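Residue numbers (mature numbering (1 follows the signal peptide of the UniProt record, and there is no 0)): -25 to -1, 1 to 142.
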C-alpha cells in the first residue's frame, strides 16, 4: 500500500512540474505611440468642428504572446486620463490588421469595427490557439476621437490607452 501511495505522489508531482514549466503568463506589448489629432481652427463665427478625427490605421502595433494550454485569450482596452480628459470626448479603437504568427490553425477575431474605449476594460478582440505557445506580432490598431465641439472648453486633453490580456 505504501508503494502505491508513493508512486501516486510522484506522478502528481511530475504532472505539477510539467504544467508549471508550460504555464507562462500571456503578454501584450505596445510600443509607446503618441497621436495628436490635427483639428483645424474655426475661422468663421457660427461654425463647429467636424466632430470626429481618426489616427493612421497603424497608430499602434500590438504584440501578444500566449503560453501553451490556453485555448484563447481576450485583449481588453480602456483609457486613463493623463492628466486631464473631457468626458464629452469619446475615444474609440479598432483592429486594422491580423498581424502575423507562425501558428497554423490559430485565429484572431473581433475588433474590426470601432468600439468605445471606456474607463473600465472592454474586449477589443480575441486570439484562439491550438494548444501551443503562440505569439502574434504587428496587430495594428487605429484610434478615433469624436465629440469635438466648440462647446468643449479649449484646452489640451490627454489620455493613455491601456491594453491588457486575459483568458
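Even for Gly, the Cβ is constructed at its ideal location relative to N, Cα and C.
Since this is a predicted model, take the numbers as computed values, not measurements.
Whole-Å CB distance - residue i paired with residue j, under 8 Å assumed
{"i": "residue 131", "j": "residue 96", "result": "Wrong, their Cβ atoms sit about 26 Å apart, outside the cutoff."}
Identity of the residue in the options nearest residue i by Cα
{"i": "residue 126", "options": "10, 17, 11 and 12", "result": "17"}
{"i": "residue 33", "options": "27, 40 and 70", "result": "70"}
{"i": "residue 116", "options": "35, 29, 10 and 11", "result": "35"}
{"i": "residue 78", "options": "28, 94 and 105", "result": "105"}
{"i": "residue 133", "options": "51, 39, 55 and 40", "result": "55"}
{"i": "residue 80", "options": "135, 118, 122 and 111", "result": "111"}
{"i": "residue 141", "options": "119, 86 and 52", "result": "52"}
Reduced DSSP category for residue i - H, G, I as helix; E, B as strand; rest coil
{"i": "residue 141", "result": "strand"}
{"i": "residue 77", "result": "coil"}
{"i": "residue 84", "result": "strand"}
{"i": "residue 20", "result": "coil"}
{"i": "residue 95", "result": "coil"}
{"i": "residue 34", "result": "coil"}
{"i": "residue 136", "result": "strand"}
{"i": "residue 66", "result": "strand"}
Outcome for residue i when other beta-carbon atoms lying within 10 angstroms are tallied against a minimum of 16
{"i": "residue 26", "result": "exposed"}
{"i": "residue 41", "result": "buried"}
{"i": "residue 68", "result": "buried"}
{"i": "residue 91", "result": "exposed"}
{"i": "residue 87", "result": "exposed"}
Minimum Cβ-Cβ distance from residue i to chain C less than 9 Å
{"i": "residue 64", "result": "Absent from the structure: chain C. Only one protein chain is present."}
*Cβ pair count under 8 Å reaching 3, the segment 100 to 119 against the segment 35 to 51*: yes
*With contact counted as at least three CB pairs below 8 Å, one residue from each stretch, are the segment 58 to 71 and the segment 8 to 22 in contact?*
no
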